[in-house]
Amino acid sequence: FSSFPGMPKWRKTHLTYRIVNYTPDLPRDAVDSAIEKALKVWEEVTPLTFSRLYEGEADIMISFAVKEHGDFYSFDGPGQSLAHAYPPGPGLYGDIHFDDDEKWTEDASGTNLFLVAAHELGHSLGLFHSANTEALMYPLYNSFTELAQFRLSQDDVNGIQSLYGPPPASTEEPLVPTKSVPSGSEVPAKCDPASSFDAISTLRGEYLFFKDRYFWRRSHWNPEPEFHLISAFWPSLPSYLDAAYEVNSRDTVFIFKGNEFWAIRGNEVQAGYPRGIHTLGFPSTIRKIDAAVSDKEKKKTYFFAEDKYWRFDENSQSMEQGFPRLIADDFPGVEPKVDAVLQAFGFFYFFSGSSQFEFDPNARMVTHILKSNSWLHC
Amino acid sequence: YPLSGAAKEEDSNRDLAQQYLEKYYNLEKDVKQFRRKDSNLIVKKIQGMQKFLGLEVTGKLDTDTLEVMRKPRCGVPDVGH
Chain D
1 FSSFPGMPKW RKTHLTYRIV NYTPDLPRDA VDSAIEKALK VWEEVTPLTF
51 SRLYEGEADI MISFAVKEHG DFYSFDGPGQ SLAHAYPPGP GLYGDIHFDD
101 DEKWTEDASG TNLFLVAAHE LGHSLGLFHS ANTEALMYPL YNSFTELAQF
151 RLSQDDVNGI QSLYGPPPAS TEEPLVPTKS VPSGSEVPAK CDPASSFDAI
201 STLRGEYLFF KDRYFWRRSH WNPEPEFHLI SAFWPSLPSY LDAAYEVNSR
251 DTVFIFKGNE FWAIRGNEVQ AGYPRGIHTL GFPSTIRKID AAVSDKEKKK
301 TYFFAEDKYW RFDENSQSME QGFPRLIADD FPGVEPKVDA VLQAFGFFYF
351 FSGSSQFEFD PNARMVTHIL KSNSWLHC
Chain V
1001 YPLSGAAKEE DSNRDLAQQY LEKYYNLEKD VKQFRRKDSN LIVKKIQGMQ
1051 KFLGLEVTGK LDTDTLEVMR KPRCGVPDVG H
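Heads up: the sequence lines are chains D and V, in that order.
All the letters of the first sequence, read from the start, carry residue numbers 1 to 378 under our numbering.
All the letters of the second sequence, read from the start, carry residue numbers 1001 to 1081 under our numbering.
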């Protein structure tokens, strides 16, 4: 494998992409899913996550064009050059152009869009061509690739992980991913005594416990929590979330990752998201938050980051004055850092690692300390 | 005089190779050097391409090399610049 001269790479792990236009060769949803599948190929082996924008400038702008199309690399009609992409960086950099003089297909009858998209995304992320004929980043298009069993070669994985490292969940040696269902070691265990959560939220009376790229869904009628991939419900949401909370009065759940947040209503991600967290009133020094919960009675939302917290007024839609304050001052007994917070039965439940602190806001004290996964009937 | 078939084909192979090396292997666009078939630089560029793409390194525009150059591929160069 090799990286571009100067080793350009993205300085953030959450990237945005936008499909600017479509080829007449395929239905739009076929193009959408080919691109999503190609993104997942790289998501599986790195800490990178992607979300889709429908307007404005995304990190990775994806378009179809023929012949001269506004950069220095004209396309050449059918055959030979199929597509090209630019290394990480602003503007044109990171972008992908497909030659629409090719016949783009979902199978191998023409030029398979998924396969070429996965290769070009390798360039958008910083990989140059590989001399390994088995590698996805080998420059020649291999129409005989078994699409159903497609997988990155070790060379591809070594290449991309030399730029971004392995996915946060795995600390072992770089994985060569399989397209089949992830092996046991990648799927978080519900009743692992050491288990912790990335984020927790209510959703229309249910409880969602987010972990890695999955979530448990606990409802009143089904004592056994369901287990799902986040992407199964919200394909454009990232995984390895930081925080989540529901604002009942708006029937909306807000999801946080890094310096961005999304609004979801049911399983619809609202248009115009992600937005920057600083639009909520956080100082620029805050690069991410750890947890959040919205008090539906008081219509106040609490944001927790390291040992401090902020309070946001849902009526005035603004961060309140006099914050941040120390968590220890107002929630005595709750130990930072807070992974997630849940409000239920008049209590606040603070989750920190494998421990859960039940906090009585009236008595202003911790009344119970439980295992984090006690909500999952462990 | 009209080029014989073989000579015509040789010309078109040379053009294909020149475009390919200019596009993907950072060969300077300089027509003359391609006319001097034994130009050392060209042989080196052809050898570099053959090595990168996993072909037998002959330095010549043999059949395998010409066939690979006609295959569909990514438009990003193989040699950085």
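We treat Cβ as the ideally placed atom computed from N, Cα and C, and that holds for glycine.
* Asked: On the premise that D71 (chain D) lies in contact with A83 (chain D), defined as a C-beta separation below 8 Å, what is that separation, rounded to the nearest angstrom?
  -> Here residue 83 (chain D) refers to the residue found at position 83 when the first sequence is read from its first residue. Here residue 71 (chain D) refers to the residue found at position 71 when the first sequence is read from its first residue. A83 (chain D) to D71 (chain D), Cβ: 12 Å. No contact.
Return helix, strand or coil for M1069 (chain V), following the three-state DSSP convention. Within the second sequence, the letter at position 69 stands for residue 1069 (chain V). In the displayed model, M1069 (chain V) falls within a helix according to three-state DSSP.
**Prompt:** Which partner residues does F351 (chain D) have in the DSSP bridge list?
**Reply:** Residue mapping note: residue 351 (chain D) aligns to position 351 of the first sequence, counting from 1. According to DSSP, which records beta bridges pairwise, F351 (chain D) is partnered with D:A340, D:Q356.
| request: For K257 (chain D), count neighbouring C-beta atoms within 10 Å of its own C-beta (all shown protein chains included) and say buried if the count is 16 or more, exposed if not. | output: Looking up residue 257 (chain D) in the first sequence gives position 257. Under this definition K257 (chain D) is a buried residue.
**Q.** Contacting residues, own chain, Cβ-Cβ under 7 Å from L229 (chain D) (five flanking each side not counted)
**A.** For the purposes of this step, residue 229 (chain D) is taken as residue 229 along the first sequence, with counting starting at 1. Only R213, Y214 meet the Cβ criterion.
Checklist entry - Are the CB atoms of Y1025 (chain V) and G1048 (chain V) nearer to each other than 8 Å? => result Reading the second sequence from its first residue, position 25 is the one you call residue 1025 (chain V). Reading the second sequence from its first residue, position 48 is the one you call residue 1048 (chain V). Result yes, Cβ atoms of Y1025 (chain V) and G1048 (chain V) sit closer than 8 Å.
Fill in: Exposure of M7 (chain D), with buried meaning 16 or more beta-carbon neighbours within 10 Å
The residue labelled residue 7 (chain D) in the question sits at position 7 within the first sequence. Counting of Cβ neighbours within 10 angstroms places M7 (chain D) among the exposed residues, the total staying below 16.
Next item on the list: Pull up the distance between the alpha-carbon of W262 (chain D) and that of P274 (chain D), whole angstroms please.
Entry: Residue 262 (chain D) sits at position 262 when you count from the first residue of the first sequence. Residue 274 (chain D) sits at position 274 when you count from the first residue of the first sequence. Rounded to whole angstroms, W262 (chain D) to P274 (chain D) spans 5 Å at the Cα level.
- prompt: What residues of chain V sit near A131 (chain D), judged by a beta carbon separation below 9 Å?
  reply: Translated into positions along the first sequence, residue 131 (chain D) becomes position 131. Residues of chain V passing the Cβ test: K1051, F1052, L1053, G1054, D1078.
* Element boundaries [beta strand (DSSP E), containing W216 (chain D)] -> Locating residue 216 (chain D) in the first sequence gives position 216, where the first residue counts as 1. 214 to 218 is the extent of the beta strand (DSSP E) around W216 (chain D).
query: Quick one: Cα of G184 (chain D) to Cα of P238 (chain D), how far?
result: Taking the first sequence and counting its residues from 1, the one referred to as residue 184 (chain D) is at position 184. Taking the first sequence and counting its residues from 1, the one referred to as residue 238 (chain D) is at position 238. With a pLDDT of 43 at G184 (chain D), under the threshold of 50, the modelled position of this residue cannot be trusted, and the question is left open.
message = Taking 8 Å as the threshold (beta carbon to beta carbon), is G1075 (chain V) in contact with chain D?
response = Within the second sequence, numbered from 1, the residue matching residue 1075 (chain V) stands at position 75. At least one CB of chain D lies nearer than 8 Å to the CB of G1075 (chain V).
Output yes if chain V places a C-beta closer than 8 Å to the C-beta of L229 (chain D); else output no. Taking the first residue of the first sequence as position 1, residue 229 (chain D) is located at position 229. For L229 (chain D), the nearest beta carbon of chain V is not closer than 8 Å to its own beta carbon.
Just to confirm my understanding: we take L1055 (chain V), look at its own chain, exclude 5 residues before and 5 after, and list those with CB closer than 7 Å. What are they?
For the purposes of this step, residue 1055 (chain V) is taken as residue 55 along the second sequence, with counting starting at 1. Counting only Cβ-Cβ distances below 7 Å, and skipping sequence neighbours, we find D1064, T1065, V1068.
**OP:** List the residues of chain D that V1068 (chain V) touches, going by C-beta distances under 9 Å, in chain order.
**Re:** Indexing the second sequence from 1 puts residue 1068 (chain V) at position 68. Those within 9 Å of V1068 (chain V) in chain D are L140.
| message | Distance cutoff 8 Å, beta carbons only. Does E173 (chain D) sit that close to anything in chain V? | response | Locating residue 173 (chain D) in the first sequence gives position 173, where the first residue counts as 1. In this prediction, E173 (chain D) has a pLDDT of 40, which is less than 50 and means its spatial position is unreliable; nothing more can be read from the coordinates.
Q. Helix, strand or coil: how does DSSP classify S201 (chain D) here?
A. Counting from 1 along the first sequence, the entry for residue 201 (chain D) is found at position 201. Correct three-state label for S201 (chain D): strand.
Note to self: At a CB distance below 9 Å, what residues from the segment 89 to 119 of chain D approach chain V? Give them in sequence order.
What the structure shows: The residues in question are H97, D99, E102, T111, V116, H119.
### Query
With a cut-off of 8 Å, does the C-beta of M7 (chain D) fall near any C-beta of chain V?
Along the first sequence, one-based indexing puts residue 7 (chain D) at 7. Not one chain V Cβ lies under 8 Å of M7 (chain D).
Problem - Range covered by the alpha helix (DSSP H) that runs through S1049 (chain V) - result: Counted from its first residue, the second sequence places residue 1049 (chain V) at position 49. Note on identity: in this sequence residue 1049 (chain V) is Met, with Ser being the wrong assignment. Following the DSSP letters along the chain, one finds M1049 (chain V) inside the alpha helix (DSSP H) bounded by residues 1040 to 1052.
Could you give the first and the last residue of the continuous beta strand (DSSP E) run that contains K308 (chain D)? The count along the first sequence starts at 1 and reaches residue 308 (chain D) at position 308. It spans 308 to 313 - the beta strand (DSSP E) in which K308 (chain D) sits, taken as one unbroken run.
Report back the beta-carbon spacing between V269 (chain D) and S231 (chain D) to the nearest angstrom; my notes put them in contact at under 8 Å. Mapped onto the first sequence, residue 269 (chain D) falls at position 269. Mapped onto the first sequence, residue 231 (chain D) falls at position 231. Taking C-beta atoms under 8 Å as the contact rule, V269 (chain D) and S231 (chain D) fail to qualify, at a distance of about 12 Å.
- Any non-hydrogen atom of the ligand FAD closer than 7 Å to W216 (chain D) Cβ: With respect to the ligand FAD, the structure shown offers nothing to examine, as it has no ligands at all.
So, does the CB of A344 (chain D) fall closer than 8 Å to a CB anywhere in chain V? By one-based count along the first sequence, residue 344 (chain D) stands at place 344. Put simply, the CB of A344 (chain D) is far from chain V, with every gap to its CB atoms at 8 Å or more.
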